[in-house]
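Worksheet for the structure shown next.
Number of protein chains: 4
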Amino acid sequence: MSTRPLGIAAIGYAFMGRAHSQAWRNVAAFFEVPAIEQRVLVGRDAEQASLAAARYGWAESATDWHEVIGRDDVDIVDICAPGWLHAEIAIAALEAGKHVLVEKPLSNTLAESEAMVAAAAAAQSRGVQSMVGFNYRRVPALAYARKLIADGRLGTVREVRTSYLQDWLADSEAPMTWRLRKETAGSGALGDIASHAIDQVQYLLGDTVTEASGRLHTFVPRRPGPNGAENVTVDDAAWATLALASGAIASVEASRVAVGRKNSLRIEVYGADGALAFDLERLNELEFLDVYGPKAEQGFRRIVVTEPHHPYIDAWWPQGHVIGWEHTFVHQIRDFLVAIRDGKSPSPSFEDGLQVQRVLAAIEESAAAKSITIQI
Amino acid sequence: MSTRPLGIAAIGYAFMGRAHSQAWRNVAAFFEVPAIEQRVLVGRDAEQASLAAARYGWAESATDWHEVIGRDDVDIVDICAPGWLHAEIAIAALEAGKHVLVEKPLSNTLAESEAMVAAAAAAQSRGVQSMVGFNYRRVPALAYARKLIADGRLGTVREVRTSYLQDWLADSEAPMTWRLRKETAGSGALGDIASHAIDQVQYLLGDTVTEASGRLHTFVPRRPGPNGAENVTVDDAAWATLALASGAIASVEASRVAVGRKNSLRIEVYGADGALAFDLERLNELEFLDVYGPKAEQGFRRIVVTEPHHPYIDAWWPQGHVIGWEHTFVHQIRDFLVAIRDGKSPSPSFEDGLQVQRVLAAIEESAAAKSITIQI
Amino acid sequence: MSTRPLGIAAIGYAFMGRAHSQAWRNVAAFFEVPAIEQRVLVGRDAEQASLAAARYGWAESATDWHEVIGRDDVDIVDICAPGWLHAEIAIAALEAGKHVLVEKPLSNTLAESEAMVAAAAAAQSRGVQSMVGFNYRRVPALAYARKLIADGRLGTVREVRTSYLQDWLADSEAPMTWRLRKETAGSGALGDIASHAIDQVQYLLGDTVTEASGRLHTFVPRRPGPNGAENVTVDDAAWATLALASGAIASVEASRVAVGRKNSLRIEVYGADGALAFDLERLNELEFLDVYGPKAEQGFRRIVVTEPHHPYIDAWWPQGHVIGWEHTFVHQIRDFLVAIRDGKSPSPSFEDGLQVQRVLAAIEESAAAKSITIQI
Amino acid sequence: MSTRPLGIAAIGYAFMGRAHSQAWRNVAAFFEVPAIEQRVLVGRDAEQASLAAARYGWAESATDWHEVIGRDDVDIVDICAPGWLHAEIAIAALEAGKHVLVEKPLSNTLAESEAMVAAAAAAQSRGVQSMVGFNYRRVPALAYARKLIADGRLGTVREVRTSYLQDWLADSEAPMTWRLRKETAGSGALGDIASHAIDQVQYLLGDTVTEASGRLHTFVPRRPGPNGAENVTVDDAAWATLALASGAIASVEASRVAVGRKNSLRIEVYGADGALAFDLERLNELEFLDVYGPKAEQGFRRIVVTEPHHPYIDAWWPQGHVIGWEHTFVHQIRDFLVAIRDGKSPSPSFEDGLQVQRVLAAIEESAAAKSITIQI
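Here the protein sequences come in this chain order: A, B, C and D.
Here the first sequence is numbered in our numbering, starting from 1 and rising by one per residue.
Here the second sequence is numbered in our numbering, starting from 1001 and rising by one per residue.
Here the third sequence is numbered in our numbering, starting from 2001 and rising by one per residue.
Here the fourth sequence is numbered in our numbering, starting from 3001 and rising by one per residue.
Listed below in structure tokens is the structure:
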């Protein structure tokens, strides 16, 4: 690695591209990271890409990602394109010797994800790093929750209860989009949001899901398209129970039609000696209880996770000055850059992303077979 | 029915007997009900029964329920004995022409419950009433929730999310009891508490579960007994997804090892046009949201269910003066007595109790067969 | 004291009479107390009193309290009549050798309260006990809060923040009542509900208010009466800051026009080493924080005050089975009866009630003099 | 105004300088604003200023603010220096024709603030704008609260209840700083945080405080300094009641020793027809209740203020993706820049800042005179 700043290229300027851009733009103002430059933003539409690049702090824009990943002044490729493009871009970028950050899901199919894992392993042997963007691992409250569990503060974890509820599809008249077609989206609530819950289960416990039983349902089977009603071919909601290698059991419920829930990823972890509860709509808070001390004094304590001792927080503001959702991306990029600097494998790896895909596939298989439990 | 007060006999003076006794003692002070007399409390231990009777307001005590159900001055038999005795006592009492209230679960086996339903139907034709004690139907917030749903305030209900979490078995050293043996308890968290959640799903929606997929688990398989460790033969925790006749889907999670949760029956209902949320630990509150009005003003509203317009409340205190868990039993007895007075069938009926048992049996069958979905 | 049951007479059958009656009816079923009999309920209207007596468990009814306090079979007089009658009845009853429980406020004037204190002192020397009914001292969460403070768990208390907010007078068209006239009610929100907050401040800290600055306001100065609009001559809302002997400072805000608050007595206590928070609308909960342990783990813990180790709770139900507002009266009577049995002075005493009156008077005086601080 | 980007100079790089810098760096990525350039960051220490400038996105750094405000390429001066420097810098910058944004408090003395208001008026006549940084006006939930009140959704506002509680001085051993000396800080909790609460009262209601009664207290009168214990000469906590021109009454409590409260600005507003509640520790939420519709359905609704229809939010993320504390500064700068572009007076003006100072002064005067009410 030369001493010049690392050159960054981002592919995609929609919702995720915008979120990643603000992270690249701000990371160095808050964290000690290698010097970077926002070199180029790639998008299909030249004019839109140019406008977005100017707005989001990129030096220039481009429309051909093949060309961009070949540039000498690009060291890192950040893939925010739709899932069906992940494998092709990521593998090419890794082969071109670029470090790669790819948004979740790793890809839309198991086969693609397996190819990406192979490419990542090959690249890793050449010192080229890769990472998949399960950004909620960088919520300070959840990073701290993982630490509490790893430190044994909950004792043996027995049960994890998760749900990820949104309501942007609750209205039956909400129109058809690419996210509602199996061929473009892969799956619905399952891949889009249950994937976050499943990743958290494995992340928080440092454990692996070994079997799954699930159910999928589409409450609104047809939605208006530009030329009349179209069939929705993905799930609106998903349910699963998961067994983990440790013996813990987790439940998952995901829905995009849960009226009144905006972005509510809730997680509860129950161990032999303590418990945790979290809600993404209040992402600066963590509830924690342990069974030590007088029984009369026990209760879930609401920790405002804004102390310097909490993960990532010393870079931000004084206590009680809450941070926003987007900062999970700043933290993600901070960790990615530090791993690159130190020559270490970033986490979560493509292998971690593939493992989540395997669980999703098992849930789909189970759902198609009357919920019978599938081994992973 | 003569003009003399209705004579009440209660069988059992443990936890449930004590809760029912306070209801019999107080119901007439708050509600307009037929006159009653607390005639006799039945228990196996003569001395204990006598002390309990004196304490809880019963005129006398007895040890032989057979004798008591034959007494002319007993009109109503309230069965708070353990589940394995329900069928025998209830059927005998009904045949003796006594109205019967039986604590949930209706019984420990499907066969017994079916016999009880048959006995109740026969008694009903003779004007003798019966009721099973799913007391949470009489939580004002839940009775009001049912009304909101029945009035269409949520639109078509799509998803119900329930959990019933306790922690009194979280400690691995908590000793063996009859509640942890299959032959006495029937099942564990499933029958004890998931049954309440399942009854609520059907009650709130006015709907019927038609299929179930489930999982059971025993986290603490052996516990200390008087002569050394014994095997726990029931579940510590249970998970299920249920399909309802209407097309709604419900999830259920029950646990007696969920550290920090004391008596937390949580219910969330999501319809096309609104949603509800409830937690038994805050039983005077109901959260309600509907999608009408400006989107910017929408949010779950915390209704303090203590207004005169709320079910049962006009009998109690001014607004904001919260009531306790035990009053669900007062309400239950009020409704039971009014139904007897009016010659109408009380609700929930033995048939309702049997339907819950069928769902529990389906979950057990599914759990034993790798969670495969079972039709009910 | 003879071995026969203590005979109880209650005066008043409205809201408070009904609440006290349920306590007399139930106390022996839950607590170990001397035997009692609900002898006679006194009310001005013979027919209403008779009906109320039958309904609330009293053996008989009467209309003349003078006669009743002279009866040999009456040992305890429970005064639930309006405040302007308290002094006369209480003093007569004490002189007649009856133990007296009087609802708060002790009386409507300082002079009356001083006379009552004198009568109580004289009676005490003859073994006759007296108590004023600040029932919120018997909320388990608040009794437990007092214990935590007394045990030093908060360190030196610095600030107490209290509010008691209701909304039953928020509607400008709510009609005139005796509670809105100075001559019958004494004061408005100040005496009715701020008094509870002030008593709690002194009770929780075991401390005495030594000075007060206050403000009173009537937001709805005229209300409809039977013959047209009438002037409201008491306050709708009150504010005060109080200095305590220990150096702590407390704020008080009371309102009966705070839309949306039903019966919300909120109390927060901040000490050097810990803090507490409470809301009467969630009376089974107490929030507690201390500064010990790792800073990253600190947070207000929500204690569900339903454990056997919490005050009064072992008499009730298993953990998580919440109790209601009315049980504060059961606890109050339990403590009153135990004090009588043991020949000890019950708490809060008439002197405690007088001290609250003194604070109320100082607030009124301050409010009339541009909030200037008044010494007590 | 030329067509070149507006040049920005910021003075101060500590906490507030850092917060303002991120706002300048990000505003154009989210909002439509005139083009800007972060020209120069001014600080006393040349090396620190240089490092901060590089880190926070400024083209260069400087140490002499006099020189900077004279630069032709500087159009806007953003003053984040300590309060005692505000007046001198602001007046000089305005006279130099620069638009000025000054952090709250406007200054440390009434006299200085009055001079600043005069300078702002003179500048305004020349098209030069000025603004004081009460950033919490730009919390979307509070901006929306103001709109609800202005739209009459609460009816006539009667009571406002505010508190601003922190605990960073709770530890008696926390060391002496310039913030604890009257000569440098002006006042303690009063000016530092009660000022925010007071500004909110006036902002939310669109009203003016006309009289105040107050109390100040220093719980920890001496703290360790580098050469031994030093006297704390400002308040740790402050209490006030305020009357407003409309007849509404507001209470204020501020503390920096309220253990367990990190940055908790809580505001409750009660009107004749509705109410609002807010807590800065949950700044993405607003509780709102109105008295319309069935009484049984009324309750405080928790609005997650992340909808496109909420103020400022359409620039950010999809619903439920919460924003952080720092974005109040982005919004503030957005509004400042838009006002400059449109030639309109930004709000809050220096006059608004002065009005808050007058209220603070009245509280101090009242506190020094036994809380007697002071006219403003």
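Idealized CB from N, CA, C, for every residue including glycine.
| query | result |
| --- | --- |
| Any chain B beta carbon closer than 7 Å to Q3357(D) | no |
| Below-7 Å beta-carbon distance, R2302(C) vs any chain A residue | yes |
| Residue from L2106(C), K2147(C), Y2056(C) and A2272(C) whose Cα sits closest to the Cα of G2130(C) | With the sequence shown as reference, residue 2130(C) is identified as Ser, and Gly is not the correct amino acid for it. That would be L2106(C), whose Cα lies nearest to the Cα of S2130(C). |
| Per-residue contacts from L2979(D) into chain C (C-beta, under 8 Å) | Outside the modelled stretch of chain D, which goes from 3001 to 3376, sits residue 2979(D), for which no answer is possible. |
| Under 7 Å from the C-beta of E1297(B): neighbouring residues of chain D | F3288 and I3303 |
| Environment of G3343(D) [buried if 16+ CB atoms lie within 10 Å] | exposed |
| Span separating the alpha-carbon of A2194(C) from that of A2361(C) | 12 Å |
| Local Cβ density within 10 Å of F288(A), reported as buried at 16 or more and exposed below that | buried |
| Whether T2156(C) touches G2271(C) by CB criterion (7 Å) | yes |
| Beta-carbon proximity list for I2374(C), same chain, < 6 Å, skipping 5 on both sides | A2212, A2362, E2365 and S2366 |
| DSSP three-state assignment for M116(A), whether helix, strand or coil | helix |
| Same chain, Cβ closer than 6 Å to A81(A), neighbours up to 5 away in sequence not counted | I11 and G12 |
| Listed by chain order, chain B residues near E281(A) by CB distance under 8 Å | Going along chain B, no residue has its Cβ under 8 Å from E281(A), so there is no contact; the nearest lies around 11 Å. |
| Helix, strand or coil at T3328(D) according to DSSP, with G and I counted as helix | helix |
| Rounded C-alpha distance that separates W3316(D) from E3159(D) | 33 Å |
| Cα-Cα separation, D167(A) to V259(A) | 5 Å |
| Segment contact, 8 Å Cβ cut-off, at least three pairs: the region 1202-1212 of chain B with the region 241-252 of chain A | no |
| Within chain C, partners of E3285(D) - CB distance below 9 Å | Result: empty, since nearest Cβ-Cβ is about 16 Å, beyond 9 Å. |
| Rounded C-alpha distance that separates G3007(D) from H3099(D) | 11 Å |
| Beta carbon proximity, E159(A) to chain C, threshold 7 Å | no |
| Test: Y2056(C) CB closer than 7 Å to a CB of chain E | The question asks about chain E, but that chain is absent: this structure's protein chains are A, B, C and D. |
| Supposed contact pair A1049(B) and I1069(B) - C-beta distance, whole angstroms, cut 8 Å | Rounded, the Cβ-Cβ distance is 16 Å, inconsistent with contact. |
| Alpha carbon of M2016(C) to alpha carbon of L1148(B), nearest angstrom | 33 Å |
| Contact set between D1144(B) and chain D, taken where Cβ atoms lie within less than 8 Å | According to the sequence shown, residue 1144(B) is Tyr rather than Asp. Residues of chain D passing the Cβ test: A3296. |
| Cβ-based neighbour list, A1170(B), same chain, cut-off 6 Å, excluding 5 preceding and 5 following | V1257 and V1259 |
| Cβ neighbours of M2001(C) in the same chain (closer than 7 Å, five flanking residues each side left out) | With a pLDDT of 47 at M2001(C), under the threshold of 50, the predicted position of this residue should be treated as unreliable, and no value is reported. |
| Residues near E326(A) in its chain [Cβ-Cβ closer than 8 Å; skip 5 each side] | A19, Q22 and A23 |
| Nearest neighbour of E2183(C), chosen from N2135(C), V2359(C), T2109(C) and E2297(C) [CA to CA] | T2109(C) |
| CB contact check: R3215(D) to chain C, cutoff 7 Å | yes |
| Secondary structure of Q2038(C), DSSP reduced to three states | strand |
| DSSP state of D1279(B) mapped onto helix, strand, coil | strand |
| Touch test, the region 1343-1359 of chain B against the region 1121-1136 of chain B, Cβ-Cβ under 8 Å, three pairs minimum | yes |
| Cut-off 8 Å between Cβ atoms - residues of its own chain near Q124(A), not counting five sequence neighbours on either side | S130 and S345 |
| Neighbourhood of D3236(D) by C-beta distance below 7 Å, restricted to the same chain and skipping five residues each side | L3169, G3188, A3189, H3217, T3218, F3219, V3220, S3255, R3256 and V3257 |
| Beta-carbon gap between H86(A) and V102(A) smaller than 7 Å | yes |
| Whole-angstrom distance between D3273(D) and K1370(B), CA atom to CA atom | 56 Å |
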